[in-house]
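So the sequences go chain by chain: A and B.
Residue numbers for the first sequence follow our numbering, beginning at 240 and rising by one.
Residue numbers for the second sequence follow our numbering, beginning at 35 and rising by one.
For every residue, glycine included, the Cβ atom is placed at its ideal position computed from N, Cα and C.
Since the structure is predicted, the reported quantities are computational estimates derived from the model, not experimental observations.
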Amino acid sequence: MYRYDAFDQRIVDERVAQFRDQTRRFLAGELSEDEFRPLRLQNGLYIQRYAPMLRVAVPYGMLSSKQLRTLAHIGRKYDKGYGHFTTRQNIQFNWPRLEDAPDILAELARVEMHAIQTSGNCIRNITSDHFAGVAGDELVDPRPYCELFRQWSTFHPEFAYLPRKFKIAVSGSEVDRAATLVHDIGVHAVRDASGEVGFRVLVGGGLGRTPIVGHVIREFVTRAEVLNYFDAIMRVYNRFGRRDNKYKARIKILVKEMTLDVFRGHVEAEWERLKGGAGCVPDAEIARLTTFFDAPEYDLLPGDDAGFRAAVADNRGFANWVKRNVFPHKVPGYAAVTLSLKKTGVPPGDATSDQMDTVADLADAYSFGELRVSHEQNLIFADVKQEALLALWGELKALGFATPNIGLLTDIICCPGGDFCSLANAKSIPIAEAIQRRFDDLDYLYDLGDIALNISGCMNACGHHHVGNIGVLGVDKNGEEWYQVSIGGDQGMQASLGKVIGPSFAASEMPDVVERVIDVYVERRHEDERFIDAVRRLGIEPFKERVYASAH
Amino acid sequence: MPQLIKDRAVTADTWALLRTAATLADLPENGSIIVPLQLWTQHRVTLSARGNVGVLLAPADDPAALVEDIATIPLIAVDFPQFTDGRGYSTARLLREKYAFKAELRAVGDVLRDQLYYLAASGFNAFALHADRDPQEALKAFGDFSDNYQATVAQPLPHFSRRAASTFNVHGAKGQ
Chain A
240 MYRYDAFDQR IVDERVAQFR DQTRRFLAGE LSEDEFRPLR LQNGLYIQRY APMLRVAVPY
300 GMLSSKQLRT LAHIGRKYDK GYGHFTTRQN IQFNWPRLED APDILAELAR VEMHAIQTSG
360 NCIRNITSDH FAGVAGDELV DPRPYCELFR QWSTFHPEFA YLPRKFKIAV SGSEVDRAAT
420 LVHDIGVHAV RDASGEVGFR VLVGGGLGRT PIVGHVIREF VTRAEVLNYF DAIMRVYNRF
480 GRRDNKYKAR IKILVKEMTL DVFRGHVEAE WERLKGGAGC VPDAEIARLT TFFDAPEYDL
540 LPGDDAGFRA AVADNRGFAN WVKRNVFPHK VPGYAAVTLS LKKTGVPPGD ATSDQMDTVA
600 DLADAYSFGE LRVSHEQNLI FADVKQEALL ALWGELKALG FATPNIGLLT DIICCPGGDF
660 CSLANAKSIP IAEAIQRRFD DLDYLYDLGD IALNISGCMN ACGHHHVGNI GVLGVDKNGE
720 EWYQVSIGGD QGMQASLGKV IGPSFAASEM PDVVERVIDV YVERRHEDER FIDAVRRLGI
780 EPFKERVYAS AH
Chain B
35 MPQLIKDRAV TADTWALLRT AATLADLPEN GSIIVPLQLW TQHRVTLSAR GNVGVLLAPA
95 DDPAALVEDI ATIPLIAVDF PQFTDGRGYS TARLLREKYA FKAELRAVGD VLRDQLYYLA
155 ASGFNAFALH ADRDPQEALK AFGDFSDNYQ ATVAQPLPHF SRRAASTFNV HGAKGQ
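What follows is the structure in structure tokens.
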């Protein structure tokens with residue numbers, strides 16, 4: 240993974256000193272609440288329902304075991320002994336004290352981490368494919384480019400006060416595992432006919448109040464020109480994006496109101512001026528960044544480990560886990576493992592400091608001391624030997640991270656919701672738990688297969704409910720918490736937005752509602768037809784009829 | 035006389051900012067003045083002849099409107115009605131890089147210490163800080179960071195180009 244050089248370290252250290260002084264001046268009354276707010280947000284610090292919340296950046300989801308131990312330590316020393324992994328591959332601490340934030344940032348800086356631009360109206364943490372570098376379907380390893388984009392966006396002086404937040408996701412595979420179509424900018428690392436690496440750029444996707452699937456603005460931008468092209472997009476957005484209404488301030492609204500063609504015209508005109516200029520990325524820089532993501536020293540192994548195959552054949556629990564939580568690796572004899580942070584009864588994405596320490600030890604023992612955070616709020620060991628999977632499974636079971644439910648109905652993506660977040664209309668974690676409890680029969684869950692269920696506690700859509708096969712949105716009706724259900728959403732290259740099936744439900748009705756939706760699927764599905772495909776074929780009507788028929 | 039930060043030093047501000055001037059009759063007879071873009075475009079010839087007239091750009095104003103005057107205009111002020119409205123950063127960048135404006139580029143309005151570093155990097159060299167803030171104290175903000183990844187107006191080469199050059203030198207030294 241990327242390692243800071245003296246320059247990277249120096250400016251992160253300078254940021255810590257800057258924020259320490261800003262916090263001091265705020266606490267001394269020299270900075271007003273309004274003046275301090277954007278400063279603390281751009282350092283990841285929210286003022287939440289009960290306490291500040293600190294969101295720490297995990298750039299494109301990559302973590303070292305050493306960094307994870309620091310996160311565990313921060314959870315223990317400054318919080319209540321746990322952290323929450325988010326849908327943007329970051330980690331949040333829900334209970335730090337404002338006064339401690341500068342010290343926490345200083346501790347992070349010592350392990351090459353920060354909370355820079357994890358909030359605020361600026362370019363946020365770049366997200367990517369959690370199987371980057373190991374997936375067999377990968378065209379280009381996106382990580383060197385993620386790091387290039389991270390550095391370009393970090394402290395970009397011109398784009399720190401945008402109309403609204405700005406999220407970029409990068410994928411390098413045929414299958415999009417980074418939800419690039421629902422980002423302000425989606426980037427696909429591709430190769431042109433001559434084999435040269437470049438980028439397909441999408442713009443104007445996003446969730447929130449007005450969910451929109453992004454559009455391709457340019458099919459191919461070279462590596463040399465990509466930052467000039469981004470600068471052009473950002474400048475057009477910064478100048479012309481709406482600032483009169485925060486709900487209409489995202490780039491997706493600008494693109495929609497301007498039309499894609501007009502927006503593209505502005506971008507192309509600006510880019511024309513920048514082309515070939517100082518912003519061109521030198522080959523040497525790409526080569527430098529690429530070396531950080533060279534393959535680790537894999538052992539030369541046979542394609543399939545015999546002991547592993549035997550264990551799968553005679554251990555059903557292990558086989559279930561392998562089926563759901565183990566992902567094929569491009570290197571023979573290796574596999575990528577997903578640690579499920581979706582055990583029933585635990586808020587999705589939460590991990591205790593003790594668990595983090597153990598995961599760090601396991602990463603050292605099994606996966607070259609590195610791990611990734613997925614936007615589905617799970618953790619990944621990307622480079623595990625097949626022959627070690629059985630032993631690792633045992634360790635993860637003891638830890639509570641071996642729930643064999645990746646991609647299943649109970650692998651729920653869920654925001655912190657009304658239990659923590661001051662923006663939320665409704666709680667989301669108890670809904671997730673009630674649904675997990677209802678669907679506790681693993682055999683049945685396996686039979687149902689891939690179903691993404693996403694829960695957001697409000698319109699801001701941190702739980703990405705629009706792209707859930709089943710989406711749940713918390714709404715406020717006269718001060719009461721209600722839940723609106725949509726079906727048919729999907730992420731990936733065929734991203735689609737779910738359709739609302741009808742009036743919202745009380746929390747207590749939610750497990751029944753989901754069960755009725757699933758019943759229709761089970762009755763009407765074709766052989767081997769996934770839930771999302773059945774919804775696409777059947778439309779929402781049969782589901783709607785069943786859910787509302789017996790509910791009233 | 036109000037104070038101004040200019041070229042990283044505190045100095046007296048000798049310019050009168052006339053935000054609401056709508057006609058020539060609103061202007062004082064003498065002294066250096068900054069007038070809104072609209073007044074400037076209506077009376078360009080008269081105001082140019084007067085000399086010592088700067089132009090105030092609102093966040094939505096297109097700096098292209100000043101393209102013909104760019105070499106002669108002594109001062110352009112860019113307004114920040116709220117410091118969180120970041121359009122002025124792009125305005126400054128365009129003025130410096132696209133239109134090659136060389137004279138004083140001044141940030142006015144809701145201008146605060148904690149934005150000075152990015153404002154300077156975007157091309158501003160003068161800052162009319164809030165009257166109730168200590169400009170001497172605010173000078174420290176220019177030292178918040180020692181460098182940037184990106185190309186800035188002050189440092190037109192992005193760090194990666196300079197990093198590549200320095201790496202090359204290290205290797206070159208090794209080879210000798």
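Buried or exposed (CB count within 10 angstroms, at least 16 for buried), residue i
i	result
residue 301 of chain A	buried
residue 762 of chain A	exposed
residue 542 of chain A	exposed
residue 206 of chain B	Note that residue 206 of chain B has pLDDT 35, beneath the 50 cutoff, so the model's placement of it is unreliable and the number below is only indicative. Residue 206 of chain B comes out exposed.
residue 311 of chain A	buried
residue 579 of chain A	buried
residue 642 of chain A	buried
residue 121 of chain B	buried
residue 48 of chain B	exposed
residue 271 of chain A	exposed
residue 210 of chain B	In this predicted model, residue 210 of chain B has a pLDDT of only 29, less than 50, meaning its place in the structure is not dependable; the value taken from the coordinates is given anyway. So residue 210 of chain B ends up on the exposed side.
residue 58 of chain B	exposed
residue 64 of chain B	exposed
residue 161 of chain B	buried
residue 511 of chain A	exposed
residue 647 of chain A	buried
residue 705 of chain A	buried
residue 405 of chain A	buried
First through last residue of the alpha helix (DSSP H) which encompasses residue i
i	result
residue 153 of chain B	150 to 155
residue 556 of chain A	555 to 564
residue 491 of chain A	490 to 497
residue 292 of chain A	Counting along the chain, residue 292 of chain A falls outside any alpha helix (DSSP H), though it belongs to the beta strand (DSSP E) covering 291 to 295.
residue 763 of chain A	749 to 763
Chain-ordered chain B contacts of residue i [CB-CB under 9 Å]
i	result
residue 356 of chain A	Within chain B, no residue comes near residue 356 of chain A; the closest Cβ sits about 12 Å away, beyond 9 Å.
residue 241 of chain A	Near residue 241 of chain A there are no residues of chain B at all, since even the closest Cβ is about 13 Å away, more than 9 Å.
Beta-carbon proximity check, residue i vs residue j, cutoff 8 Å
i	j	result
residue 408 of chain A	residue 419 of chain A	yes
residue 411 of chain A	residue 380 of chain A	yes
residue 787 of chain A	residue 718 of chain A	no
residue 485 of chain A	residue 449 of chain A	no
residue 528 of chain A	residue 386 of chain A	yes
residue 569 of chain A	residue 374 of chain A	yes
residue 163 of chain B	residue 175 of chain B	no
residue 44 of chain B	residue 131 of chain B	no
residue 597 of chain A	residue 638 of chain A	yes
residue 357 of chain A	residue 421 of chain A	no
residue 398 of chain A	residue 197 of chain B	no
residue 86 of chain B	residue 70 of chain B	no
residue 293 of chain A	residue 332 of chain A	yes
Extent of the continuous beta strand (DSSP E) to which residue i belongs
i	result
residue 38 of chain B	37 to 40
residue 66 of chain B	66 to 70
residue 128 of chain B	Looking at the DSSP string, residue 128 of chain B is not in any beta strand (DSSP E), and its letter there is neither H nor E.
residue 410 of chain A	407 to 410
residue 471 of chain A	Counting along the chain, residue 471 of chain A falls outside any beta strand (DSSP E), though it belongs to the alpha helix (DSSP H) covering 465 to 479.
residue 392 of chain A	Segment 382 to 392 is the alpha helix (DSSP H) holding residue 392 of chain A; no beta strand (DSSP E) there.
residue 45 of chain B	43 to 46
residue 605 of chain A	Careful: residue 605 of chain A lies outside any beta strand (DSSP E), inside the alpha helix (DSSP H) at 592 to 605.
residue 302 of chain A	301 to 303
residue 573 of chain A	573 to 578
residue 114 of chain B	109 to 114
residue 438 of chain A	436 to 442
Proximal chain A residues relative to residue i, where beta-carbon distance stays under 7 Å
i	result
residue 186 of chain B	396
residue 193 of chain B	246
residue 190 of chain B	517
residue 155 of chain B	396
Interface residues of chain B facing residue i [CB-CB closer than 8 Å]
i	result
residue 249 of chain A	180, 181
Contacts that residue i makes with chain A (C-beta to C-beta distance below 8 Å)
i	result
residue 133 of chain B	Under the 8 Å cutoff, chain A gives no residues; its nearest Cβ is about 11 Å from residue 133 of chain B.
Proximal residues of chain B, C-beta to C-beta of residue i below 7 Å
i	result
residue 277 of chain A	118
residue 462 of chain A	Simply none; closest approach about 12 Å.
Which residue spans inside the segment 506 to 553 of chain A form an unbroken alpha helix (DSSP H) run of at least 4?
Look at the segment 506 to 553 of chain A and you find these whole runs of alpha helix (DSSP H), each 4 residues long or longer: 522 to 530, 545 to 553.
Within the segment 672 to 742 of chain A, note down every full alpha helix (DSSP H) run reaching 4 residues or more, in order along the chain.
Segments of the alpha helix (DSSP H) lying fully in the segment 672 to 742 of chain A: 681 to 687.
In the segment 312 to 364 of chain A, which residue ranges form an unbroken alpha helix (DSSP H) of at least 4 residues, counting only runs that do not cross its ends?
Segments of the alpha helix (DSSP H) lying fully in the segment 312 to 364 of chain A: 340 to 349.
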